[in-house]
Amino acid sequence: MFGLQIKYLSLFFGITSVLSFFNIIYSYYFNLYLNLDTYYYTFITSILIFLIFYKFGKENKKSNIFEKILTIFLGYLLIPLVLSIPIYFSIYDLTFLNSYFESISGFTSTGFSIFENIKLIDQSLILWRSSIQWIGGLYFLFSIIYLIDIYDESFKKTLTNFTSFNSSESLKQAIKIFVLYSLLTVFIFISLNLLSIRTFDSLNLALTIISSGGFLPVNDLSNIIKDNYQLTALSLLMLFSFFSLFFIYNLLFSKKKNINFFYEDLHLVIYLIAVVSIFFIFFSFNYDFLYNFLAITSSISNIGFSLNSQQTNLDLVYLILVIIGGSFFSTSSGLRFIKVYSLFKFSLNQILSFSKPKNVFMNKLIFTKINFNPDEINKYFLTITIFILSLFILICLLSLGGIDFVKSIKLSILTLMNTVNSSIYGLNEFNFNNLEFFTKYCLIFFMIVGRIELLTILLLIRKFLFKN
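In the working numbering, the protein residues as written are 91 to 558.
What follows is the structure in structure tokens.
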């Protein structure tokens, strides 16, 4: 199929069939028969596609990076199509576009929702929406490994302590990532349960947090979080999608305590402490620091959850945190803190070198012996350039669709950074159901663009516009 690795995609259709089977069991156990047939449709469809893709898909170990990028992009189109079946065939009479929009939003871990009142949805479909996010987060992590060739050598060093890039061991590495991802999900679920949060809500929140998603099982987070202990714990648990997936593993189980395996997470710790300290000193009034702390961790992890707070003038600050993002190998989106920091320090050193030519300025990350590679800096610069260009295009398209200009800016940032609209960004009342067809298709496309490494867009452009 045009060099595309559909055998790679078959794995996720297999996981989809397993999740739909669990939903069937869940529906029977709790006597939820309203949408039961839809999960049978999904189970049969995903099993058939899994078998077809696995049987006829040829594993080409020599496939180039462009074929890999197109394979990942195809997955972002096809997998949500199957995942949207329970939503489309549910009793809620949604159009195909709205169902697909909801599915894409979940699979890209964005969280934009067509449903205005979650109370009207039965529990099985609420759980399915959370499952869509969970498999989307897993797909994103697998995609990073699959497209590892486009990333920098310094980022690869953070993974080699846990995983291998040897193609002959790809299945073994996939199992490692799947097991760790699942164990962290279970840990978050148990932690929330121990805090007296309802089991159903704990399960949905666990699936959402680990995937950096934005779907809630209720209309408002305040219906779940009742006290400061729950609020603090939720804020801390959201950091699981901010730091590297392998951070805890490397910290507790790694035999090699080489700082190079922790350098990004060390920078993230300093960044988190700095941001929290600034908010604690300058923005925490009327004992609302815990609300700010939730908003901080939610923004830097690109989840977007919030509780209503009296401070409504910090939306720009939170949007900046959303843009910066978290770790390279996490389910968060964003430009990635280490890239922004490296580019800033390199640019500052370049400016200082002209003003003080006799001085020597080291382009090196603190805590490590890793120097900035000029090629890597160029990639960081191109990533930010593509983000700005994508942001400008989406703002124009949303404005043409009749959306207020300020809201267009905010919504464009959240779309490209795959972060749900909430009160901390001033968009909690935004209605996606009433958007025009063209606007919804634009959001669908740019939600996918935001989930794929922005550098891949440049590679595709170069491939098709500048053919040899």
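All residues carry an ideal CB built from backbone N, CA and C; glycine is no exception.
Report task. Compare the beta carbon distance of P170 and Y144 with 8 angstroms and say whether it is the shorter of the two. Result -> The residue labelled residue 170 in the question sits at position 80 within the sequence shown. The residue labelled residue 144 in the question sits at position 54 within the sequence shown. Cβ atoms of P170 and Y144: not closer than 8 angstroms.
Query - Among L160, I177 and I485, the one whose alpha carbon lies nearest that of T128 - result: Taking the first residue of the sequence shown as position 1, residue 128 is located at position 38. For the set L160, I177 and I485, the Cα lying nearest the Cα of T128 is the one of I177.
Query raised in the report: For the alpha helix (DSSP H) that N392 lies in, which residues bound it at each end?
Result: Within the sequence shown, numbered from 1, the residue matching residue 392 stands at position 302. Here N392 belongs to no alpha helix (DSSP H), and DSSP marks it neither H nor E.
Query raised in the report: Comparing the CB of L295 with every heavy atom of the ligand MG, is any distance shorter than 7 angstroms?
Result: Among the ligands in the structure shown, none appear at all, so the ligand MG cannot be discussed.
Requested in this report: Drop a sphere of 10 angstroms on the beta-carbon of D355, count the other beta-carbons inside from all chains shown, and report buried for 16 or more, exposed for fewer.
Outcome: Locating residue 355 in the sequence shown gives position 265, counting from the first residue. The residue is buried, with at least 16 neighbouring Cβ atoms inside 10 Å.
**Report entry** Straight-line Cα distance separating F103 from S503
**Finding:** On the sequence shown, residue 503 is found 413 positions in, with the first residue counted as 1. On the sequence shown, residue 103 is found 13 positions in, with the first residue counted as 1. Sequence inspection shows Ile at residue 503; the Ser mentioned does not correspond to that position. So the two alpha carbons sit approximately 30 angstroms from each other.
Query raised in the report: How about P307 and I208: do their beta carbons lie closer than 8 angstroms?
Result: As a working mapping, residue 307 is identified with position 217 in the sequence shown. As a working mapping, residue 208 is identified with position 118 in the sequence shown. Result yes, Cβ atoms of P307 and I208 sit closer than 8 angstroms.
Query raised in the report: Just reading off the alpha helix (DSSP H) that D127 is part of, what are its end residues?
Result: If you number the sequence shown from 1, residue 127 lands on position 37. Looking at the DSSP string, the run of the alpha helix (DSSP H) that includes D127 is L126 to F146.
Report task. Measure the alpha-carbon distance for I216 versus G491 and round it to whole angstroms. Result -> Here residue 216 corresponds to residue number 126 of the sequence shown, with the count starting at 1. Here residue 491 corresponds to residue number 401 of the sequence shown, with the count starting at 1. So the alpha carbons of these two residues sit roughly 30 angstroms apart.
Report task. Evaluate contact between the stretch 482-490 and the stretch 393-412, counting only Cβ atoms and requiring at least three cross-stretch pairs below 8 angstroms. Result -> no
Query raised in the report: Tell me which same chain residues have a C-beta within less than 6 angstroms of the C-beta of T529, skipping the five on either side of it?
Result: Here the question's residue 529 lines up with position 439 in the sequence shown. Here the set comprises G491.
Requested in this report: Report the rounded CA-to-CA distance for I155 versus K497, giving the unit in angstroms.
Outcome: Within the sequence shown, numbered from 1, the residue matching residue 155 stands at position 65. Within the sequence shown, numbered from 1, the residue matching residue 497 stands at position 407. Approximately 36 angstroms, taken between the alpha carbons.
Query raised in the report: Q95: buried (16+ other C-beta within 10 angstroms of its C-beta) or exposed?
Result: Residue mapping note: residue 95 aligns to position 5 of the sequence shown, counting from 1. Result: buried.
Query raised in the report: If you draw a straight line from the C-alpha of I499 to the C-alpha of T421, how long is it?
Result: On the sequence shown, residue 499 is found 409 positions in, with the first residue counted as 1. On the sequence shown, residue 421 is found 331 positions in, with the first residue counted as 1. Near 23 angstroms, if we compare the C-alpha coordinates of T421 and I499.
Report task. Might you give, ordered along the chain, the residues of its own chain that have their beta carbon closer than 6 angstroms to the beta carbon of N398, omitting 5 neighbours on each side? Result -> For the purposes of this step, residue 398 is taken as the residue at position 308 of the sequence shown. Around N398: S513.
Requested in this report: Would you kindly work out how many angstroms separate the C-alpha atoms of K210 and I428, rounded to a whole number?
Outcome: Here residue 210 is taken as the residue at index 120 of the sequence shown, counted from 1. Here residue 428 is taken as the residue at index 338 of the sequence shown, counted from 1. Here the sequence assigns Leu to residue 210, which means Lys is not the residue at that position. Going from the Cα of L210 to the Cα of I428 covers about 42 angstroms.
Requested in this report: Could you say if the stretch 114-131 and the stretch 186-206 meet the contact criterion of at least three C-beta pairs nearer than 8 angstroms?
Outcome: no
Query raised in the report: Is the distance from the Cβ of A264 to the Cβ of F230 below 8 angstroms?
Result: Within the sequence shown, numbered from 1, the residue matching residue 264 stands at position 174. Within the sequence shown, numbered from 1, the residue matching residue 230 stands at position 140. Cβ distance not < 8 angstroms, so A264 and F230 don't count as in contact.
**Report entry** Residues near A385 in its chain [Cβ-Cβ closer than 7 angstroms; skip 5 each side]
**Finding:** Sequence index remark: in the sequence shown, residue 385 carries index 295 (1-based). The answer, listed in chain order, is S396, Y408 and I514.
Report task. Helix, strand or coil for I493, going by three-state DSSP, please let me know. Result -> Against the sequence shown, residue 493 aligns to sequence position 403. In the three-state reduction of the DSSP assignment, I493 falls in the coil class, being assigned neither a helical nor a strand state.
Query raised in the report: Taking the Cβ atom as the reference point for each residue, do I204 and F522 lie within a distance shorter than 8 angstroms?
Result: If you number the sequence shown from 1, residue 204 lands on position 114. If you number the sequence shown from 1, residue 522 lands on position 432. In contact: I204 and F522 (Cβ atoms closer than 8 angstroms).
Query raised in the report: When you compare only the Cα positions, how much space is there between S312 and S388?
Result: Start at 1 with the first residue of the sequence shown, and residue 312 comes out as number 222. Start at 1 with the first residue of the sequence shown, and residue 388 comes out as number 298. Rounded to whole angstroms, the gap between the alpha carbons of S312 and S388 is 15 angstroms.
Query raised in the report: Okay, do the stretch 159-168 and the stretch 272-287 touch, 3+ Cβ pairs below 8 angstroms being the bar?
Result: no
Query raised in the report: For I441, is the classification buried or exposed, using 16 other Cβ atoms within 10 angstroms of its Cβ as the cut-off for buried?
Result: For this step, residue 441 is matched to residue 351 along the sequence shown. Looking at its Cβ environment, which holds fewer than 16 other Cβ atoms inside 10 Å, I441 is exposed.
Query raised in the report: If you run the structure through DSSP and keep just helix, strand and coil, what is I360?
Result: Taking the first residue of the sequence shown as position 1, residue 360 is located at position 270. Three-state result, I360: helix.
Query - CB contact flag (I542, F146, <8 angstroms) - result: As a working note, residue 542 is residue 452 in the sequence shown. As a working note, residue 146 is residue 56 in the sequence shown. Contact: no.
**Report entry** Three-state secondary structure (DSSP) of S214
**Finding:** Position 124 of the sequence shown, counting from 1, holds the residue named residue 214. Helix, per DSSP.
Requested in this report: Would you mind working out which of F133, A323 and I414 sits nearest Y470, comparing C-alpha positions?
Outcome: Counting from 1 along the sequence shown, the entry for residue 470 is found at position 380. Out of F133, A323 and I414, I414 has the C-alpha closest to the C-alpha of Y470.
Query - Cutoff 7 angstroms; reference N508; Cβ partners in own chain excluding five residues on either side - result: Reading the sequence shown from its first residue, position 418 is the one you call residue 508. The residues are T198, S199, T200, N392, S423, M537, G540 and R541.
Requested in this report: Look up R426 in the DSSP assignment and say whether it is helix, strand or coil.
Outcome: Here residue 426 corresponds to residue number 336 of the sequence shown, with the count starting at 1. Three-state DSSP puts R426 in coil, outside helix and strand.
Report task. Go to G104, then tell me how far its alpha helix (DSSP H) extends in each direction, as first and last residue. Result -> To locate residue 104, count along the sequence shown from 1; it is residue 14. Residues I96 to Y119.
**Report entry** Residue burial classification, S193 (beta-carbon count within 10 angstroms, cutoff 16)
**Finding:** In the sequence shown, residue 193 corresponds to position 103, counting from 1. Burial call: buried.
Requested in this report: With a 10 Å radius around its C-beta and 16 neighbouring C-beta atoms as the bar for buried, classify A296 as buried or exposed.
Outcome: Taking the sequence shown and counting its residues from 1, the one referred to as residue 296 is at position 206. Residue burial is scored here from C-beta neighbours: A296 has at least 16 other C-beta atoms within 10 angstroms and is therefore classed as buried.
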